[in-house]
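**Student:** Mapping the sequence shown onto UniProt numbering, position 114 (from 1) lands on 114, and the numbers just tick up by one. Backbone N, C-alpha and C fix where the C-beta goes; we use that ideal spot for every residue, glycine too. Note that the coordinates shown come from a computational prediction; the quantities given were computed from them, not determined experimentally.
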Amino acid sequence: MGEKSDRKKVDQITEEIILRALMENTSFSLYVKDSEGRVLHASKKMIHDLGLTDESELVGKNDVELFGEENGRLTYKDDLRVIKTGEKIAGKSECNINPAGKENWVSTTKLPLKDADGRIIGLIGISQEINELRRAEQELRRMATHDPLTALPNRALLQNRIQNAIESARLTQNRFAILFIDLDNFKAVNDRFGHSVGDQILMDIARVFEFSVRSSDVVSRYGGDEFVILLEGITSVEKVRAISETISENAVQYFIGLHIVAGVSIGASLYPEHGQDGETLIKAADKAMYAAKSAKMTFQLAETPK
């Protein structure tokens with residue numbers, strides 16, 4: 001009997017030594033929680049990633065207490081599900097926010113922890129940092145919706161925003177405007193100074209356009225030296241004309257600073273007068289822009305369909 005008791009103590013000590021070695025040396029965030037989802041043990045990696053200095057700052061706390069109600073509620077709910085059902089969670093992406101407010105994205109696996117009789121007494125969690133992977137995914141999503149040169153929304157995102165504006169306008173009986181902008185003499189600038197200078201001008205003029213409108217408006221690069229701007233909540237043609245004049249004046253001032261003779265031609269269309277969908281509205285504004293350019297005018301409103 002004494003021998004069995006001694007063996008059991010040795011086994012317990014061995015398990016504790018192994019657990020402590022893992023906690024001290026693993027490159028993963030490793031933790032053990034009790035049946036209430038409170039931390040019992042945490043690896044050095046986890047303590048470091050959370051911006052803490054000692055395990056005691058974690059022990060006895062659940063995820064809500066550690067990360068706050070908003071950030072910890074879902075992970076705490078997962079903990080209780082594993083403990084209650086014995087179902088494991090494998091490779092789930094989670095965002096932990098440390099006390100300093102820094103985000104740390106991890107891929108987490110949670111397994112039920114059982115005693116010698118098979119009863120669930122807590123859980124073991126293993127988390128691997130995936131911040132670089134997350135950033136790469138975000139960059140891919142951004143590239144799918146934004147122009148790589150100017151970082152403005154591209155055609156696909158513009159169409160999505162216009163569709164949202166249409167749905168909103170139908171509900172509120174509001175109007176919105178589409179501006180189609182083309183840079184005058186840009187080909188000559190490219191030919192004279194080269195494409196690297198031309199690219200820089202496109203990047204700069206994108207910022208000029210953003211500065212000229214409200215932060216809620218959508219400035220997009222449509223292609224080449226063409227830009228389309230979505231102006232929501234527009235109540236009159238006079239307002240559209242005034243915004244267009246501001247855009248033109250700011251663009252001219254930018255070009256004067258470069259000692260370049262250039263400007264912009266702007267065509268505008270209004271919802272619902274000039275179209276019921278994004279494609280029709282853009283085409284109407286594009287046609288009006290060419291009319292403005294042909295007449296050597298800065299601004300032209302689209303013709304109302306008969």
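1. In the DSSP assignment, find the unbroken alpha helix (DSSP H) run with Gly267 in it and report its ends.
2. From Ser212 to Arg135, what distance separates their C-alpha atoms?
3. The ligand ATP and Met143: does the residue's C-beta get closer than 7 Å to at least one heavy atom of that ligand?
4. Which runs of the beta strand (DSSP E) at least 3 residues long sit entirely within the UniProt domain "GGDEF" (174–304)? Give them in chain order.
5. Specify, as a first and last residue, the run of the beta strand (DSSP E) that His146 falls within.
6. Considering only the alpha carbon of each residue, which of Leu301, Ser215, Arg221 lies closest to Asp199?
7. Run the CB neighbour count on Pro153, radius 10 Å, all protein chains shown included, and call it buried at 16 or more, exposed below.
8. Would you say Phe180 and Ile260 are within 8 Å of each other, going by their C-beta atoms?
9. Give the single residue among Gly91, Ser294, Gly233 whose Cα lies nearest to the Cα of Gly267.
10. What did DSSP end up calling Gly68 once you bin it into helix, strand or coil?
11. In this structure, how does DSSP classify Ile130 when only helix, strand and coil are distinguished?
12. List the endpoints of the continuous beta strand (DSSP E) containing Ser107.
13. Taking Cβ positions, are Glu88 and Lys110 nearer each other than 8 Å?
14. Can you list, in chain order, the residues of its chain whose CB lies under 7 Å from that of Val10, leaving out five sequence neighbours each side?
15. In angstroms, rounded to a whole number, what distance separates the CA positions of Asn160 and Leu171?
16. With distance defined between alpha-carbon atoms, name the residue in Ala116, Ile201, Ile124 nearest to Ile256.
17. Kindly indicate which residue of Ser127, Asn164, Ala251, Ser35 has the alpha-carbon position closest to the one of Leu230.
18. Have a look at residue 322 and Gln128 and give me their C-alpha separation to the nearest angstrom.
19. Quick one: what does DSSP say residue 309 is sitting in, helix, strand or coil?
20. Taking C-beta to C-beta, are Asn96 and Leu50 nearer than 8 Å?
21. In this structure, does DSSP put Lys306 in helix, strand or coil?
22. Helix, strand or coil: how does DSSP classify Val39 here?
23. Assuming Ser56 is part of the alpha helix (DSSP H), what are its boundary residues?
24. Who are Leu123's beta bridge partners in DSSP?
25. Excluding the five sequence neighbours on either side, which residues of its own chain have a C-beta within less than 7 Å of the C-beta of Asn185, listed in chain order?
26. Just curious, the alpha helix (DSSP H) that Glu167 is in, first and last residue?
27. Exposed or buried, what is Leu140 when buried is set at 16 or more other beta-carbons lying within 10 Å of its beta-carbon?
28. Quick check on the burial criterion: 16 or more other C-beta atoms within 10 angstroms. Buried or exposed for Lys45?
29. What does a CB cutoff of less than 7 Å around Gly275 pick up in its chain, not counting 5 residues either side in sequence?
**Tutor:** According to the structure shown:
1. From DSSP, Gly267 is part of no alpha helix (DSSP H) but of the beta strand (DSSP E) over 263–271.
2. Cα to Cα, the separation comes out at about 31 Å.
3. Here there are no bound small molecules, and the ligand ATP is not part of this structure.
4. For the UniProt domain "GGDEF" (174–304), whole beta strand (DSSP E) runs of length 3 or above, ordered along the chain, are 176–184, 218–223, 226–232, 263–271, 299–301.
5. Counting along the chain, His146 falls outside any beta strand (DSSP E), and DSSP gives it neither H nor E.
6. Selected option, being the one with the closest Cα: Arg221.
7. It counts as buried.
8. For the 8 Å CB-CB criterion, Phe180 and Ile260 do not form a contact.
9. Minimum Cα-Cα distance from Gly267 among the listed residues Gly91, Ser294, Gly233 corresponds to Ser294.
10. In the three-state reduction of the DSSP assignment, Gly68 falls in the helix class, which pools H, G and I.
11. Note: Ile130 maps to coil in three-state DSSP.
12. Looking at the DSSP string, the run of the beta strand (DSSP E) that includes Ser107 is 103–114.
13. Before going on, a small fix: residue 88 reads as Lys here, not Glu. Yes, they are a contact pair.
14. Below a pLDDT of 50, predicted positions are generally treated as unreliable, and Val10, at 43, falls in that range; the measurement from the model is reported next regardless. If we look at Val10 and ignore the five residues flanking it on each side, it has no Cβ neighbours.
15. If you take the alpha carbons of Asn160 and Leu171, they lie about 17 Å apart.
16. Sorting Ala116, Ile201, Ile124 by C-alpha distance to the C-alpha of Ile256 places Ile201 at the top.
17. Ranking Ser127, Asn164, Ala251, Ser35 by Cα distance to Leu230 puts Asn164 first.
18. Coverage of the chain is limited to positions 1 through 306, which leaves residue 322 absent and any answer about it impossible.
19. The question about residue 309 has no answer here: the residues shown for the chain are numbered 1 through 306.
20. Judged by beta-carbon spacing, Leu50 lies within the 8 Å limit of Asn96, meaning their Cβ atoms are closer than that value.
21. The three-state secondary structure of Lys306, taken from DSSP, is coil.
22. Here Val39 sits in strand by DSSP.
23. No alpha helix (DSSP H) contains Ser56, which DSSP labels as neither H nor E.
24. Partner(s): Lys33, Pro112.
25. Correct list, in chain order: Val261, Ala262.
26. 155–172 is the span of the alpha helix (DSSP H), which, as asked, contains Glu167.
27. Classification for Leu140: exposed.
28. The residue in question, Lys45, is buried, as its Cβ has 16 or more Cβ neighbours within 10 Å.
29. Apart from the 5 residues on each side of it in sequence, Gly275 sits with its Cβ closer than 7 Å to the Cβ of Ser269, Leu281, Ala284 in its chain, given in chain order.
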